[in-house]
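K.L.:
So that we are looking at the same thing, I have put the structure below in structure tokens.
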Amino acid sequence: MAASSLNIGPYRLGKTIGEGNFGKVKVAVHEKTGEKVAIKMINKLKMQAMEMHGKLKREINILQQLKHPHVIRLYEVLDTPTHIFIVMEYVPGELFDYILERRRLSEGDARRFFQQIVSGVEYSHQNMVCHRDLKPENVLLDMNLHVKIADFGLSNMMKEGDFLKTSCGSPNYAAPEIVSGKAYAGPEVDVWSCGVLLFAMLCGHLPFDEEGLPNLFKKIRSGRFTLPGHLSELSRSMIIRMLVVDPTRRITFREIRKHAWFRQSLPLYLSVPLADPSHQAVYPDIITQLNELGYDVTEASIDLNPKAGAFPNMETVAYQLLLDKRRAKCTTDPREQDPLAPTVFPPHIQKKVAHLHQKGVLGFEPSPAASPVPPASPVPLVRGWSAQPHTTPTPSIMSYELSPGSVGWSSSRWKLGVESLLDSSTLVVAILQTLKKLDFEWFVVSPFKIRCRPVRRPPTIQEQTPTHAGSSRAAEDLMLTVQLHRIASCRYLVDVQIFQGPSIAVMSQALLVISSIYSALQKIDPDEEKPPITLRRRTLREIQQQELPFRK
Numbered sequence: 024m025a026a027s028s029l030n031i032g033p034y035r036l037g038k039t040i041g042e043g044n045f046g047k048v049k050v051a052v053h054e055k056t057g058e059k060v061a062i063k064m065i066n067k068l069k070m071q072a073m074e075m076h077g078k079l080k081r082e083i084n085i086l087q088q089l090k091h092p093h094v095i096r097l098y099e100v101l102d103t104p105t106h107i108f109i110v111m112e113y114v115p116g117e118l119f120d121y122i123l124e125r126r127r128l129s130e131g132d133a134r135r136f137f138q139q140i141v142s143g144v145e146y147s148h149q150n151m152v153c154h155r156d157l158k159p160e161n162v163l164l165d166m167n168l169h170v171k172i173a174d175f176g177l178s179n180m181m182k183e184g185d186f187l188k189t190s191c192g193s194p195n196y197a198a199p200e201i202v203s204g205k206a207y208a209g210p211e212v213d214v215w216s217c218g219v220l221l222f223a224m225l226c227g228h229l230p231f232d233e234e235g236l237p238n239l240f241k242k243i244r245s246g247r248f249t250l251p252g253h254l255s256e257l258s259r260s261m262i263i264r265m266l267v268v269d270p271t272r273r274i275t276f277r278e279i280r281k282h283a284w285f286r287q288s289l290p291l292y293l294s295v296p297l298a299d300p301s302h303q304a305v306y307p308d309i310i311t312q313l314n315e316l317g318y319d320v321t322e323a324s325i326d327l328n329p330k331a332g333a334f335p336n337m338e339t340v341a342y343q344l345l346l347d348k349r350r351a352k353c354t355t356d357p358r359e360q361d362p363l364a365p366t367v368f369p370p371h372i373q374k375k376v377a378h379l380h381q382k383g384v385l386g387f388e389p390s391p392a393a394s395p396v397p398p399a400s401p402v403p404l405v406r407g408w409s410a411q412p413h414t415t416p417t418p419s420i421m422s423y424e425l426s427p428g429s430v431g432w433s434s435s436r437w438k439l440g441v442e443s444l445l446d447s448s449t450l451v452v453a454i455l456q457t458l459k460k461l462d463f464e465w466f467v468v469s470p471f472k473i474r475c476r477p478v479r480r481p482p483t484i485q486e487q488t489p490t491h492a493g494s495s496r497a498a499e500d501l502m503l504t505v506q507l508h509r510i511a512s513c514r515y516l517v518d519v520q521i522f523q524g525p526s527i528a529v530m531s532q533a534l535l536v537i538s539s540i541y542s543a544l545q546k547i548d549p550d551e552e553k554p555p556i557t558l559r560r561r562t563l564r565e566i567q568q569q570e571l572p573f574r575k
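This is the structure we're talking about:
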């Protein structure tokens, strides 16, 4: 199809939003889903004249393997006799313009952007990709002011034990070893560029800026810069450790994550390993939506993890566009959320939970060893929902040796359990309904933790014989914990943990519970209209005076 056409495949072309050496970037609309994308149009004749075929192929291969919430997404590549069309995520803003409008950013804003940048760059390194051109112009901002790292045109693949030698990138952000023409491993030059980025966000100007390249390179090699007085001690410490001339003494990304300034207000989803893209579940409601749009598609025809060098079919591209739309819609600004605010479920959710208890499934009193509240606590444990104050009312986070923000291995998937885009109140009701169907009884430790076990029934005459005594005692000792982990503003992980009991028996029950919860969640539409959940901070007096809603 000719490049001058108004349509390229399923996309309707719009205005030009950028121009490069051998092509333009246009905004376009996927006609069936109505979602916006950015299409990079590469003129093949210009590309061949400039001998850039290898560079373009490398950039496409890199983008294809990077699947991270803070890295620009590649949807597909369309090839015609005259042009190559690279279809990518459309992100309207730039960090450069954001800084320019505000002159400089507050430490809170700068830290939030910096955390997301570090997460995306570190993920790239774990996939053996060195960016080499990190600067505000290549850090895009979506409608929710979330970072998307873009322009991997100067990136390269790293090899264990090998060094890169190409001097590339923007001079003001280039590391001393690059401007000196020395070999480098890769990650250390991106650390330096991130340090310059952080300086620019906090100060509103660059640490190394001189007239003429020789003077600029001399200043970069010296490592001399001045920090303004308005910076906090922790932010000064972070910048100084990143902008160290000797790359062997420069802070690493692993050390950056441990730095006190970086860890302040760190979002939960950046603190746990990302779900492995190869293990993503397909949402049945999006499949239904695709069929309503005219696609003939089933869950089996959606390939979210195509082989290297291959691209997804048109149904998978449309699915991914709708999934990204959902994720964007349920993502809010993390600054608006109070991580310590208790969640107060709306009345209609409380009625559902109360109804479950009234139908004959009673919560059980935990043993003293399992009790979440010391005996001296003025707020007693009750059957059903716990109204006690908790030191950590939000979903807890598990720690891993694997770097947070990276793709977890198979053991991480077992630990993390089922991922869902449903809100917490809907999840809790679905979990309790599932436990009821499985004939389990439960005790709600907190709004995000449920301890459960199979309902204990009087043994029959046959079970009272010595042969069955052991299995009966084993069943009595069996206990599981169902835990919700919040990893983003509208994204949860449901984890089933073994609390106590014989290994084989309790693992069998854990598998039954988690698979049943998964099946139940697949039948719920996350886009269904729901009353909003109210978040507010309760005083100690309110907590102590609150009537326990589900006391029998």
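The numbering of the sequence shown is the working numbering, which starts it at 24 and goes up by one. We treat Cβ as the ideally placed atom computed from N, Cα and C, and that holds for glycine.
(1) Just to confirm, is the Cβ distance from P477 to F463 under 8 angstroms?
(2) Does the separation of the CB atoms of L503 and Q520 fall below 8 angstroms?
(3) Measure the beta-carbon distance from I547 to V517 and round it to whole angstroms, keeping in mind my assumption that it falls under 8 angstroms.
(4) What alpha helix (DSSP H) runs, 4 residues minimum, are completely inside the segment 229-258?
(5) Under the rule that 16 or more other beta-carbon atoms within 10 Å means buried, what is Q312, buried or exposed?
(6) Skipping 5 residues on each side, what residues in its chain have a beta carbon closer than 6 angstroms to that of H169?
(7) Kindly indicate the opening and closing residues of the beta strand (DSSP E) around E653.
(8) Is the distance from the Cβ of G227 to the Cβ of R127 below 8 angstroms?
(9) Ignore the nearest five residues each way along the sequence and tell me which others in A543's own chain have a CB closer than 6 angstroms to its CB.
(10) Using only the alpha-carbon positions, how far apart do G43 and A351 sit?
(11) How many whole angstroms separate the CB atoms of L101 and F108, which I take to be in contact at a CB cut-off of 8 angstroms?
(12) Using 8 angstroms as the threshold, is the segment 159-166 in touch with the segment 255-266, meaning 3 or more CB pairs across them?
(13) Following the continuous alpha helix (DSSP H) through H76, name the residue where it begins and the one where it ends.
(14) Could you tell me whether the Cβ atoms of K63 and V48 are closer together than 8 angstroms?
(15) Tell me the DSSP bridge mates of C226?
(16) Run through DSSP, which three-state label would F119 get?
(17) Rounding to the nearest angstrom, what Cα-Cα distance links A223 and P230 in this structure?
(18) Mapping DSSP to helix, strand and coil, what is G143?
(19) In the DSSP assignment, what residue or residues form a beta bridge with P307?
(20) What does a CB cutoff of less than 7 angstroms around M75 pick up in its chain, not counting 5 residues either side in sequence?
(21) Cutting at 6 angstroms between CB atoms, please list the residues of its own chain near A173, excluding the five before and the five after it.
(22) Output the distance between the C-alpha atoms of K38 and I83, rounded to the nearest integer angstrom.
(23) Can you tell me whether G218 is buried or exposed, with buried defined as 16 or more other CB within 10 angstroms of its CB?
(24) Can you give the Cα-Cα distance for A323 and V305, rounded to whole angstroms?
(25) Look at the Cβ atom of L123, then the Cβ atom of V144, and state whether they are nearer than 8 angstroms.
(26) For P357, collect the residues of the same chain with a Cβ closer than 6 angstroms to its Cβ; drop the 5 residues on either side in sequence, then sort them by chain order.
(27) Excluding five sequence neighbours on each side, which residues of the same chain lie with their C-beta closer than 6 angstroms to the C-beta of E211?
P.N.:
A quick look at the data gives this:
(1) yes
(2) yes
(3) Between V517 and I547 the Cβ distance is about 12 angstroms, and since that is not below 8 angstroms, they are no contact.
(4) Listed in chain order, they are 236-245.
(5) Around the C-beta of Q312, 16 or more other C-beta atoms lie within 10 Å, and the residue is accordingly described as buried.
(6) none
(7) In the structure as shown, the chain begins at 24 and stops at 575. Residue 653 is therefore absent and cannot be evaluated.
(8) Yes, the pair counts as a contact, with Cβ atoms nearer than the cut-off.
(9) A453, T457
(10) 28 angstroms
(11) Right, the Cβ-Cβ distance comes to about 4 angstroms (below 8 angstroms), so this counts as a contact.
(12) no
(13) 76-88
(14) Cβ distance < 8 angstroms, so K63 and V48 count as in contact.
(15) In DSSP, C226 forms no bridge with anything.
(16) helix
(17) 7 angstroms
(18) helix
(19) In DSSP, P307 forms no bridge with anything.
(20) Leaving aside the five residues that flank M75 on each side, the residues in its chain whose CB is nearer than 7 angstroms to its CB run, in chain order, F45.
(21) If you ignore the 5 residues before and after A173, its C-beta comes within less than 6 angstroms of the C-beta of I95, N161, L163, all in its own chain and listed in chain order.
(22) Roughly 23 angstroms separates the two Cα atoms.
(23) Classification for G218: buried.
(24) Looking at the two C-alpha atoms, the distance is approximately 9 angstroms.
(25) no
(26) In this prediction, P357 has a pLDDT of 35, which is less than 50 and means its spatial position is unreliable; what the coordinates show is noted afterwards. If we look at P357 and ignore the five residues flanking it on each side, its Cβ neighbours are P290.
(27) P270, R273
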